[in-house]
Amino acid sequence: MGRGDSAVHSFGVSPATLGGLQRTLQDLGEATEVPLLLAASGTKTAQLAGRYADGLIAGVGRAPTDLARLADSAHLVREAGRPPVELWATVRLAVATDDEDAAALRRTLVPRAISAAHFAFASTFESKSVPEQFKRVLSDRFGRYDYGSHGSSGATSNATMFADHPEIEDYLVDRFAIVGRIDQCQDDLAALAAHVDGVFLSLIFEDAVEQIHRLADVIRPLD
Numbered sequence: 027m028g029r030g031d032s033a034v035h036s037f038g039v040s041p042a043t044l045g046g047l048q049r050t051l052q053d054l055g056e057a058t059e060v061p062l063l064l065a066a067s068g069t070k071t072a073q074l075a076g077r078y079a080d081g082l083i084a085g086v087g088r089a090p091t092d093l094a095r096l097a098d099s100a101h102l103v104r105e106a107g108r109p110p111v112e113l114w115a116t117v118r119l120a121v122a123t124d125d126e127d128a129a130a131l132r133r134t135l136v137p138r139a140i141s142a143a144h145f146a147f148a149s150t151f152e153s154k155s156v157p158e159q160f161k162r163v164l165s166d167r168f169g170r171y172d173y174g175s176h177g178s179s180g181a182t183s184n185a186t187m188f189a190d191h192p193e194i195e196d197y198l199v200d201r202f203a204i205v206g207r208i209d210q211c212q213d214d215l216a217a218l219a220a221h222v223d224g225v226f227l228s229l230i231f232e233d234a235v236e237q238i239h240r241l242a243d244v245i246r247p248l249d
């Protein structure tokens, strides 16, 4: 669960306050024994995961320093005697057949990476290791983010938000996605796995069945 981003904005509702989220986590913890993972991109929400959840879904992409920062925030407030907080990363994945296919898939992943970056950066850049030269443009453009186009494919206003800044598009795809041939995806996932307990993978939905078949070839050697 989480405070809410596009899921609540789509219904005209604001994200939950930290206080409201804390009360919900307390109620859920008392009512069920089902493991609970909390999504967070900042330290305050990560601390709630440390106090009340079983795991933390770190919405900061593949940046090892930011993954560690959120994990540390959760562990610092963990009650003595409880199992450690599980740390999960979440990335977009596109498995290519060759380098030409990989280049095309990178373009497909741009709007997904922008959506993920908006969740991670829209509230603050503090302690999120964003290059200084990108902050002004990111802040300005995210102020015009269109939730009606959230996660959509095609040439939406979100998808083309940084078309005049290809260096930012590349940065966001590299941080929030894994794309490449099978061997490249294996290497990137293995590198990410060294920093986390698990990884949530979001596949491109335009070619989901084929991507699932390729995913099997990616993860089989990693088992």
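Counting from 27, one number per residue, gives the positions in the sequence shown under our numbering. Think of the CB as a built atom: it goes at the ideal place given N, C-alpha and C, for glycine as much as any other residue.
Nearest to Pro192 by alpha carbon, out of Pro137, Lys70, Gln212, Leu241? Cα-wise, what sits closest to Pro192 is Pro137.
With Ser165 as the anchor, note down where its alpha helix (DSSP H) starts and where it stops. 158-168
Distance check for Gly76 and Ile230, CA to CA, integer angstroms please. 31 Å
Spatial neighbours of Met187 within its chain, please: C-beta separation below 7 Å, excluding the five flanking residues on both sides. Ile140, Arg167
Put Leu62 into one of helix, strand or coil per three-state DSSP. coil
Thr123 by DSSP, collapsed to three states: which one? coil
To the nearest angstrom, report how far apart Gln18 and Val163 are at their CA atoms. No answer is possible for residue 18: the residues shown for the chain start at 27 and end at 249.
Let me check understanding here. Comparing Cα to Cα, which of Asp53, Tyr171, Gln159 lies closest to Phe145? Tyr171
Beta-carbon gap between Ala128 and Val199 smaller than 8 Å: It is not a contact, given that the beta carbons lie outside the stated cut-off.
Shortest alpha-carbon distance to Trp114 belongs to which of Val103, Asp243, Leu62, Leu131? Leu62
Beta carbon of Leu51, beta carbon of Tyr78: below 8 Å? Less than 8 Å separates the beta-carbon of Leu51 from that of Tyr78.
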